[in-house]
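If you're matching positions, the sequence shown starts at 112 in the numbering used here and goes up one per residue. Backbone N, C-alpha and C fix where the C-beta goes; we use that ideal spot for every residue, glycine too. None of these values were measured; they are calculated from a predicted model. First comes the structure, then the notes that go with it.
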Amino acid sequence: MPPYDPSAFPPFAVTVDLVVLTVRRHALCTLVVRRGEAPYQGRWALPGGFVREDEDLSGAAARELVEETGLCAHDPAAPPPVPSNGAHLEQLATYGAPDRDPRMRVVSVAHLALAPDLPAPRAGGDANSARWAPVEELLGEDVLAGTAEAVGVSHGADGAGDSGDAAGDEKEGGPAALAFDHARILADGVERARSKIEYSSLATAFCPPEFTVGELRRVYEAVWGVALDPRNFHRKVTGTPGFLVPAGGTTTRQGGRPAQLFRAGGATLLNPPMLRPEV
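Laid out in structure tokens, this is it:
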């Protein structure tokens with residue numbers, strides 16, 4: 112075998128970016144940070160950072176999640192965690208356009224994180240402020256209406272893949288232009304969440320350990336951007352074996368009559384799926 116010469120290949124960096132989604136005040140929101148340094152100083156961006164020499168991709172994403180939100184990641188194949196500081200975390204897609212970062216060649220492996228209503232975030236690293244922003248504010252109504260392609264999103268068979276040349280796609284006059292190609296990454300994350308709650312129990316990751324059917328319905332409505340019939344929804348989720356398990360109590364936190372509390376069951380797939388309404 113001929114000797115391997117690392118200097119024959121151009122160096123590049125690897126980062127992780129996080130699409131952290133939650134439902135706040137019945138709206139789908141994502142965590143964004145205002146960049147305190149160049150490039151894109153002063154612009155909003157998704158949280159993330161460079162992968163360290165001693166960590167793998169999932170470890171880097173979990174570390175960034177803890178640093179940015181205080182949440183601990185859990186195995187996507189397992190039911191949602193009972194502790195209130197747990198979050199669903201899964202790899203989303205890889206983005207490697209040559210000019211996506213003006214500093215150097217950077218490949219980003221984006222991850223999707225889902226968690227219940229979260230407190231006000233704290234900024235860290237090169238960010239000077241952080242906030243929960245409604246997805247509609249960042250991407251516009253077209254994305255919530257089901258046209259993520261409005262920001263140039265290209266999907267593979269499983270939602271993963273290279274983002275292509277995104278640096279020139281950013282809309283300077285758009286709803287709230289994000290740094291780098293983060294509008295594309297965010298749109299991919301939103302579409303992944305919207306599609307997966309059709310056939311999996313992923314929507315329960317947006318809920319506290321115990322929740323009502325009405326609270327779960329409002330998660331679907333926020334993620335899909337549609338209104339659902341309460342009776343049909345209740346019949347569907349309570350009639351799917353293993354989807355919801357009675358928690359043995361009731362609550363009046365939503366007002367009105369006491370509503371039964373449920374926990375996420377052991378089922379990870381919905382059969383038949385709960386199809387997204389046409390809009």
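By the C-beta density criterion, Tyr115 is exposed, having fewer than 16 other C-beta atoms within 10 angstroms. Cα atoms of Leu297 and Thr126: separation of roughly 16 Å, rounded to the nearest angstrom.
In the three-state reduction of the DSSP assignment, Gly367 falls in the coil class, being assigned neither a helical nor a strand state. Note that the C-beta distance between Ala156 and Phe291 is below 8 Å. The three-state reading of DSSP puts Phe123 in coil, since its state is none of H, G, I, E or B.
Judged by beta-carbon spacing, Ala241 lies beyond the 8 Å limit of Val134, meaning their Cβ atoms are not closer than that value. Cβ neighbours of Ala370 within its own chain (closer than 8 Å, five residues either side excluded): Thr323, Val324, Gly325, Thr361, Thr362, Thr363. If you ignore the 5 residues before and after Leu380, its C-beta comes within less than 8 Å of the C-beta of Tyr310, Ser311, Ser312, all in its own chain and listed in chain order.
Contact annotation: His222 and Leu372 have beta-carbon atoms that are not nearer than 8 Å. Remark: C-beta atoms of Ala316 and His199 approach each other more closely than 8 Å.
Judged by their CB atoms, Arg387 and Arg305 are nearer to each other than the 8 Å cut-off. Taken through DSSP and simplified to helix, strand or coil, Phe322 comes out as strand. Rounded to the nearest angstrom, the gap between the Cα atoms of Trp243 and Glu179 is 12 Å. Excluding its 5 nearest sequence neighbours in each direction, Gln202 has C-beta neighbours in its own chain below 6 Å: His222, listed in chain order. When only Cα atoms are considered, Ile308 and Gly153 end up about 34 Å apart. The bridge partners DSSP lists for Pro245 are Cys140. A residue is called buried when at least 16 other Cβ atoms come within 10 angstroms of its Cβ; Pro319 does not meet this threshold and is exposed. In the assembly as shown, Glu148 is an exposed residue. Its beta-carbon has fewer than 16 other beta-carbons within 10 Å.
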